[in-house]
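Which chain is which? The protein sequence lines are P and B, in order. So the mapping is simple: the numbering used here equals the position in the first sequence, first residue as 1, plus 603. So the mapping is simple: the numbering used here equals the position in the second sequence, first residue as 1, plus 603. In what follows, a structure is listed as structure tokens, so that the remarks can point back to it.
Number of protein chains: 2
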Amino acid sequence: MELLQKKLKEKRIRPSFHRIKILKYLDRHRTHPTVDEIYEALVKEVPSLSKTTVYNTLELFSKKGIIGNLTISGSEKRYDFENKAHSHFLCKKCGKIFDIDKVDCPCENNRAVRGHKIDEVHLYFKGVCKSCLM
Amino acid sequence: MELLQKKLKEKRIRPSFHRIKILKYLDRHRTHPTVDEIYEALVKEVPSLSKTTVYNTLELFSKKGIIGNLTISGSEKRYDFENKAHSHFLCKKCGKIFDIDKVDCPCENNRAVRGHKIDEVHLYFKGVCKSCLM
DNA sequence: TCCATATTTGGAATTATTACAAACCAGAAG
DNA sequence: CTTCTGGTTTGTAATAATTCCAAATATGGA
Chain P
604 MELLQKKLKE
614 KRIRPSFHRI
624 KILKYLDRHR
634 THPTVDEIYE
644 ALVKEVPSLS
654 KTTVYNTLEL
664 FSKKGIIGNL
674 TISGSEKRYD
684 FENKAHSHFL
694 CKKCGKIFDI
704 DKVDCPCENN
714 RAVRGHKIDE
724 VHLYFKGVCK
734 SCLM
Chain B
604 MELLQKKLKE
614 KRIRPSFHRI
624 KILKYLDRHR
634 THPTVDEIYE
644 ALVKEVPSLS
654 KTTVYNTLEL
664 FSKKGIIGNL
674 TISGSEKRYD
684 FENKAHSHFL
694 CKKCGKIFDI
704 DKVDCPCENN
714 RAVRGHKIDE
724 VHLYFKGVCK
734 SCLM
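See below:
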């Protein structure tokens with residue numbers, strides 16, 4: 604918790620109660636929860652929480668670079684607490700998203716392609732997860 | 604046109620007027636247009652076209668595997684006529700999506716990872732495109 | 001031509017997200 | 001301790017994208 608506060612202060616984000624709650628939730632649930640999941644989970648302990656705050660806060664964190672965002676699902680926003688480079692797997696059956704250790708891929712190091720400046724590289728795998736296969 | 608009809612028939616999709624129109628549009632506009640762009644462009648020549656038909660048709664094409672779909676943008680559906688493996692670049696300024704020739708990446712050949720069965724591999728670059736840089 | 005079935009329509013419902021003004025709160029200044 | 005100020009949060013309304021579904025229409029074969 605101290606650690607998370609520090610993380611916010613470093614980026615000049617005032618560590619308000621709600622912000623810390625949300626960041627802590629992301630830290631403890633590395634499943635790339637949806638805004639709704641985060642909201643529903645937290646509103647139980649913090650009944651005053653508004654969904655707009657969750658949106659605002661995640662947007663702020665994302666802009667300041669303390670979390671990343673995924674577009675793997677295509678239907679709703681997903682965020683990523685982890686900052687080490689890694690990739691993602693989406694199960695098309697159950698919808699779960701798994702972190703995948705970084706595959707060593709030359710493309711990940713490109714800083715430009717055809718004159719376009721590259722800021723982010725996303726590698727997404729989609730298929731059927733282990734549990735859904737059984 | 605003959606070619607596109609054949610493409611549909613091969614996959615046992617009845618080549619109706621609207622379906623051919625939509626497929627032809629995708630073929631001629633390799634910019635991954637949104638549903639709305641497709642609809643607005645086509646409704647001019649085919650005033651009876653409904654947006655639901657565009658959704659239905661793209662979903663059908665995608666299910667039958669004659670087009671692919673992208674989740675690069677995160678805010679709306681995008682489809683991909685091209686069937687050769689390639690990757691995509693999204694400009695975060697103008698929103699345009701560019702096709703990028705396949706980067707030779709070992710990860711693209713994986714058929715499984717950690718026990719999950721991989722059906723699709725998506726490699727997305729995000730940043731600022733050539734024109735927006737100037 | 002008629003029938004059965006596939007296709008398309010159009011409007012309503014749903015879901016995710018954003019906009020925005022009002023309310024709230026915490027710390028600085030007096 | 002009170003007031004002021006600006007950042008934070010709320011809640012509702014608006015928007016945007018998508019899906020649902022029943023009715024209408026078109027199509028190809030008998």
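Every residue gets a Cβ at the ideal spot worked out from N, C-alpha and C, and that includes glycine.
Chain-ordered neighbours of residue i on chain P, where CB pairs are closer than 8 Å
| i | result |
| --- | --- |
| R717 of chain B | F692, F701, I703, K733 |
8 Å contact criterion, which residue i and residue j should meet: CB distance rounded
| i | j | result |
| --- | --- | --- |
| C708 of chain P | C708 of chain B | 5 Å |
| T674 of chain P | T674 of chain B | 5 Å |
| C732 of chain B | C710 of chain B | About 24 Å; that fails the 8 Å criterion. |
| V716 of chain P | F692 of chain B | 6 Å |
| L626 of chain P | L607 of chain P | 5 Å |
Chain B contact residues for residue i, given Cβ-Cβ distances below 8 Å
| i | result |
| --- | --- |
| P709 of chain P | V706, D707, C708 |
| D722 of chain P | K695, K729, G730, V731 |
| L652 of chain P | Those within 8 Å of L652 of chain P in chain B number zero; the least Cβ separation is about 24 Å. |
Listed by chain order, chain B residues near residue i by CB distance under 9 Å
| i | result |
| --- | --- |
| K667 of chain P | Within chain B, no residue comes near K667 of chain P; the closest Cβ sits about 16 Å away, beyond 9 Å. |
| H725 of chain P | I675, H725, L726, Y727, F728, K729 |
| L736 of chain P | G718, H719, K720 |
DSSP state of residue i mapped onto helix, strand, coil
| i | result |
| --- | --- |
| D707 of chain P | coil |
| S653 of chain P | coil |
| S734 of chain P | helix |
| L690 of chain B | With the sequence shown as reference, residue 690 of chain B is identified as Ser, and Leu is not the correct amino acid for it. In the structure shown, S690 of chain B sits in a strand (DSSP, three-state: E or B). |
| N672 of chain P | strand |
| H635 of chain P | coil |
| F728 of chain B | strand |
| K720 of chain P | strand |
| F620 of chain P | helix |
| F684 of chain B | coil |
Nearest-angstrom Cα separation, counted from residue j out to residue i
| i | j | result |
| --- | --- | --- |
| T634 of chain B | K699 of chain B | 8 Å |
| G671 of chain P | H719 of chain P | 21 Å |
| R631 of chain P | K624 of chain P | 11 Å |
| D683 of chain B | V649 of chain P | 43 Å |
| Y628 of chain B | K687 of chain B | 18 Å |
| L611 of chain B | G668 of chain B | 10 Å |
| S734 of chain P | S690 of chain B | 29 Å |
| L736 of chain P | V724 of chain P | 29 Å |
| I614 of chain B | I721 of chain B | Checking the displayed sequence, the identity of residue 614 of chain B turns out to be Lys instead of Ile. Taking the straight line from one Cα to the other gives about 23 Å. |
| A644 of chain P | K609 of chain B | 51 Å |
| V646 of chain B | E662 of chain B | 19 Å |
| K666 of chain P | R622 of chain B | 41 Å |
| F701 of chain B | N713 of chain P | 16 Å |
| E685 of chain P | Y658 of chain B | 35 Å |
Contact test: residue i Cβ vs the ligand GTP heavy atom, cutoff 7 Å
| i | result |
| --- | --- |
| I641 of chain P | Because no ligand of any kind appears in the structure shown, any question about the ligand GTP cannot be addressed here. |
Exercise. Between the stretch 677-692 of chain B and the stretch 631-642 of chain B, do at least 3 Cβ pairs fall closer than 8 Å?
Worked result: yes
For this session: Spell out a yes or no on whether the stretch 723-732 of chain B and the stretch 618-631 of chain B are touching, meaning 3 or more CB-CB pairs, one atom from each, closer than 8 Å.
Result: no
For this session: Would you check if there are 3 or more beta carbon pairs closer than 8 Å linking the stretch 704-721 of chain B to the stretch 646-654 of chain B?
Result: no
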